[in-house]
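Novice:
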Amino acid sequence: IITTPCFTPSVMLAGVRITDGVKQGVVIIATGAWFDPGFGKAWQPHDRAGNPNVLTLDIGTSSLTQGPNAMSCLVEIKKHQDCTIA
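Heads up, the final residue of the sequence shown is numbered 137 in our numbering, and it's a clean run with no missing numbers.
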C-alpha cells in the first residue's frame with residue numbers, strides 16, 4: 052500500500068520490486084494504469100490498479116505554465132496483509 056501524508060489521504064496498491072538500480076528510500080511508479088476504485092470508503096475510494104495520480108493534487112505548477120506539479124511527492128509504503136482486495 053502506498054499512501055501520501057501530504058493532503059487528503061490517498062491510497063493505491065502496487066507491486067514492489069527491490070533493486071540496486073534505485074537508491075534506497077526512492078520509489079519509481081510508472082504511469083498508465085486506469086483508476087480502479089476497489090476498496091476504501093465510498094467518498095474516498097482507494098485505487099487497486101496502481102495509478103499514481105491518486106497520490107498527487109490535480110493542480111498546475113503556476114498560473115503561467117500549468118505544467119504537472121507531481122514530478123515528486125512524499126509517500127509512505129507498507130506491506131498489505133489482506134489478499135481479498137484484488
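Ideal Cβ placement from N, Cα and C applies to all residues, glycine included.
A quick note: this is a predicted structure, and the numbers were derived from the prediction, not measured.
How about the segment 99-107 and the segment 64-76: do they share at least three Cβ pairs that are nearer than 8 angstroms?
Specialist: Yes, since at least three Cβ pairs between the segment 99-107 and the segment 64-76 fall closer than 8 angstroms, the two stretches touch.
Novice: Quick one: what's got a C-beta closer than 7 angstroms to VAL73's C-beta in the same chain, skipping five residues either side?
Specialist: In the sequence shown, counting from the first residue as 1, residue 73 sits at position 22. Around VAL73: ILE79.
Novice: How many Å lie between THR116 and ASP109 at the Cα?
Specialist: As a working note, residue 116 is residue 65 in the sequence shown. As a working note, residue 109 is residue 58 in the sequence shown. So the two alpha carbons sit approximately 14 angstroms from each other.
Novice: Suppose the cutoff is 8 angstroms on Cβ atoms and the five residues either side in sequence are ignored; what does the same chain contact list for ILE69 look like?
Specialist: The residue given as residue 69 occupies position 18 in the sequence shown. Cβ neighbours of ILE69 beyond the five flanking positions: none.
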